[in-house]
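These notes are about the structure you will find just below.
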Amino acid sequence: MYLRKYTIDMLKRYVLLTIGLLISAGAMATIRFVKEDGYPKTGAWSAFTWEDACRDLQAVIDYSNEGDSIFIAEGVYTPAFANYQSYLIDKGLKIYGGFKVGETLDLRKWKEAPAVLDGRFPNGTSNHVIIALDINPEVPLLLDGLTIRNGFAKDIVKTNNVREIAAGYGGGLYSESSTVQLNNVIFSGNDGDYGGGALYMKKSSFELTNVTFNRNTAGVSGAAVFSDASSYKIVNSLFYDNTTLPQVAGGGDGILAVRTGGKSEFFINCTFADNTGSLLHFEKVSSLDVLGNPTFQNCIIKVQEADRTKDLITSSDWGPRNVNTCTFQHSLTNYPLLGINRKNTRNLTGIDNLLLTDKYVPDENSSAINHGNSEFVQGLAEDLAGNERVQKKYVDIGAYETPYKGVISLYFNATRELSSAQNADSLAYGDTVFIWHDGLETFRAQVEGSSFVDEEYISVFNSSSDYAAYQGFGSKNIIYVDKINRDGKVRIKVFVTVNGEGEEDNWRIKRLDNVDLEEIILEFKTVQRELSVKIITGAGNTPYVELGNMIGDKRLEMGIDFYAYWETPADPDRPQKVTIGFANDNYATLVKNVVFVSPDAFQSKKYNEPDPVIAFTSVPAADNFKWEGVLSREKGESTGSYEYVLESLSIKKSIGENDYVLAMGYKSPRFDIVKSDPEIIWPAKAMVIFGQKLSTATLTAIANVSGDFSFEDSDIVPRLSDSETTEYTYIFTPTDKANYSTLKIKLKVKIIKNDTSLSSLTVSGSLLYPRFNPDRTQYGVLVGKDIKIVSIDAVPGDPTSEIIGRGTQSLYADRQTFSIKVTAEGGATQTYTILVTTDPKDMEQFNVTGNEIVQAGLKVYPTVTTGTIYIETADVNTPEVKLYDLTGRLLFGKRENTIDLSAYPKGLYLLQVDGQTIKVTKR
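Position in the sequence shown (first residue = 1) + 130 = our numbering.
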């Protein structure tokens, strides 16, 4: 037990501070202090110094006001086991961790004095570490310098025994309807049974800077972050070794998860490495989801080797959410397919080795160095490690900045796929040498070779690659080429420079093998070019030949630059032979054996189905040859008729494929694509409210393509007698009518009444007033003060309607209102109310006036009349009625529900009904 001693000066200080706070509430923020060996929660109100610090963080949070600050000393803190098992924050505070006791904020080194909020309790159980609710955007919550670990979200949590939060989300931090800033925070070892192992945000706004997520886990989606209708920005942050458990088809995935998108979702200079699962998962709640468009700028995305062929962006099985749904700019990844939309610009993709250290910092040869866009980090002074954010004029990609020069890699290749850049194999006449680099996107120049000795023609092309990742230096070149032809050889001399004032301090040139260079000479022998045969058709001795592999892909036909003829052998089982000769010595003569391929007739498929294996015969017969590949058709997937093409079909090398050329037969049938039937889950039946059109019917139908469902005669109003007997035509009309068929079915419709009326309403032992009318919904009943129980009976106008509220009701007061709720089969509702009271004045609202008497179990009206008086009783029995004049003489006596005064003189009379006496007047 702590015994706290107060001096007079201390008490004066606390009293003056408290008075000052009361006088200027909100004008001056207060700092409270927390340390492991501090006072218990009773000391939270006065924890204004390190000396007076409290050990109970939740108590300090509860005592603090909006805008106050809390300093937490080095140590491990766990929520009180009986206090929701989580730290509950419902106001905008500034909570700083990482102090040595006695330190001020400007001297704090938070990594050297870790302040840990731990979700694991001594008994081994865990819960959310922090729950943030309803925090005002004008005074956001700030968490700075904290480690949040070992949180676990599984069951529904009821905060303050009132507010429930969703089960299974946000093991480290659960936020709902709040505005939060996180700086210098580590999420480690947290788990969400469903999603958001480290962080779950619902209808919230977040800014995260210098945050690390590692070893967090999710059972379904979002091991690190799960966003639901929230907006957020994450900067200078690291995500590594987080795991989303594998899901069955259509399940979740993703280190990050988005359910319903917010206004903005940005990741700037973040590093994602060695996580298990996709990068991001879009999760469906309903068909009306509005999903966000997350943007990744200057980010490193390192997927595990097993994941490089999988989807980087995944979604529920309801729609095409993929990398083209997101925006990637100036990012570096070993993932090969980073999207093709126009938003995804200047990314370095498919890099086999990202060249990162074991701490995920780029090494000196990494493409991450200097390849970011500095515009994305304006106003950001430091990286995740506290180093200067921009050090070489251009920002690095990822969470860490380095002092190295950026690397511009130089690449060489040719159409003959030369394996070596220097002293390469021979280069055929008309081949192209490519020289390119991963540097300046703005530099793009082509140098055409002119005619050399022996009319050799070599094309040289130098340019930047299409995936340059940073802004260039205007139009200044980085490469220029000096071509030399000597002794039948082609030599290409490449000079490498970095232009731009001071740019030599920012960049260095390397070959692909990371060898520094200043210039290189490429030398090629020149040989005759052997052209390929693209098409041979024709009959008899007049073949039509079209050649490929021409310079610039030009096409030369018979009679222009070459001659062609074929010879028909005497043996019909032997192939014909074609000879193609050229006048130009730079081209080699072709002599080929011709095999004609003829597709079988009447081959087709339905739209959007896979192509069948196309059958064909050949001349000579197929048993003389062994085939590789399949016969193909023209490209296209719309309905229509397509020609056959050889494409991937070839003769196996084992019989000398280079000596043979394939040709399509003289007459080839065409391949047809016909309309496809949509896949539809039809409804078993429909329901429509009685009196409404078929167009308002309720039913569910699903198609695998877009289109419209409707009734053929949607304006028909079905009769009750048609219910579940008459069949109506229900149609699906696809949007793509050219490729999909319109389908119809016959469907029965159930007619539903929407009658919420009552046929009767009674209260035992009492009269209902006014008299029951199905169109009236409010009634009153007058009872004696000795009545403690009434029985209410209500009968629906439609037997299929449900009634709630009828039966025996207890009376606890002199006046009580009871409700009878009628719910029709069609969903319509109507509520009837009955006021049960002992006070006759309460009945005036029901037009009970002085001209009628209503009292327990009896109603007499009118009490002033020229003729008939009517008498009603609660038990519906005929009452015993007696009429007296003022002298007490009996004038009338029998059991009646009416009495006629028209024959009696004008005046006052006494009417006695079942022992109750009522005054009546004859006019």
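Don't be surprised by glycine CBs; every beta carbon is placed ideally from N, CA and C.
This structure is a prediction, so every number in the text was calculated from the model and none was measured.
Test item: CB-CB of residue i and residue j under 8 Å
i	j	result
Tyr370	Tyr490	yes
Lys1052	Tyr1034	yes
Lys333	Ala296	no
Gly228	Lys239	yes
Thr342	Thr373	no
Ala745	Pro799	no
Gly322	Ala283	yes
Asp928	Ala954	yes
Ser853	Lys876	no
Trp637	Ile538	yes
Val1011	Val1043	yes
Pro267	Ser335	yes
Asn280	Gly327	no
Val920	Val984	no
Val259	Ile278	yes
Tyr217	Leu247	yes
Gly956	Lys883	yes
Lys736	Pro742	no
Ile964	Val952	no
Tyr899	Lys823	no
Leu486	Ile443	no
Ile861	Lys878	no
Ser844	Ser825	yes
Ala245	Gly275	yes
Sheet register partners of residue i (DSSP bridge)
i	result
Gln946	Val966
Cys184	Tyr169
Arg279	Asp248, Ser318
Val893	Ile922
Gln733	Gln733 pairs with nothing; no bridge assigned.
Val310	Leu271, Phe336
Pro492	Leu486
Gln822	Per DSSP, none; premise fails for Gln822.
Phe902	The partner list for Phe902 (beta bridge, DSSP) is empty, contrary to what the question assumes.
Asn344	Ser318, Tyr370
Ala1054	The structure shown does not extend to residue 1054, since the chain spans only 131 to 1053, so no value can be given for it.
Asn517	Note: Asn517 sits in no beta bridge, so no partner.
Cutoff 8 Å; reference residue i; Cβ partners in own chain excluding five residues on either side
i	result
His501	His460, Leu462, Leu478, Tyr524, Asp526, Ile527, Gly536, Ala599, Tyr600
Lys918	Ser940, Leu941
Thr719	Thr709, Ile710, Gly711, Phe712
Val725	Pro705, Ser748, Val749, Pro750, Phe755, Ile781, Tyr790, Val791, Leu792, Ala793
Val804	Ser734, Lys735, Lys736, Tyr737, Thr769
Ser199	Ala159, Thr160, Ile161, Arg162, Leu223, Lys224, Ile225, Tyr226
Sequence-distant residues of the same chain with beta carbon closer than 6 Å to residue i, five excluded per side
i	result
Asp789	Asn723
Leu272	Lys224, Gln311
Gly180	Residue identity check: residue 180 is Trp in the sequence provided, not Gly. Excluding positions up to five away in sequence, the list reads Phe163, Val231, Gly232.
Thr698	Gln706
Lys756	Lys782
Glu1062	For the chain, the structure presents residues 131 to 1053; residue 1062 sits outside this window and is missing.
Ser949	Gly935, Thr961, Thr963
Thr406	Thr373
Ser351	Gly325, Gly382, Gly384, Ala387, His411, Glu413
Asn517	Glu531
Lys363	Glu337, Phe396
Proximity test, residue i beta-carbon vs the ligand PLP heavy atom, cut-off 7 Å
i	result
Gly997	Questions concerning the ligand PLP fall outside what the structure shown contains, since it holds no ligand whatsoever.
Below-8 Å beta-carbon distance, residue i vs any chain D residue
i	result
Val520	The structure shown has no chain D; it contains just one protein chain.
Proximal residues to residue i (C-beta, below 7 Å), its chain only, five neighbours per side dropped
i	result
Ser549	Its pLDDT being 35, under 50, Ser549 is placed unreliably by the model, and nothing is read from it.
Arg117	Because residue 117 is not part of the residues shown, which for the chain are 131 to 1053, the question remains open.
Thr938	Ile919, Ser921
Does the stretch 880-891 come close enough to the stretch 899-906 to have 3 or more Cβ pairs within less than 8 Å?
yes
Are the stretch 755-766 and the stretch 826-833 touching by the rule of at least three beta carbon pairs closer than 8 Å?
no
Can we say the stretch 318-326 touches the stretch 296-306, given the rule of at least three CB pairs closer than 8 Å?
yes
Could you say if the stretch 429-436 and the stretch 519-533 meet the contact criterion of at least three C-beta pairs nearer than 8 Å?
yes
Three-pair Cβ contact test at 8 Å for the stretch 850-860 versus the stretch 793-802:
no
Could you tell me whether the stretch 957-974 touches the stretch 997-1005, using the rule of 3 or more Cβ pairs below 8 Å?
no
Quick one: complete beta strand (DSSP E) runs, 3+ long, within the stretch 744-785?
746-749, 770-772
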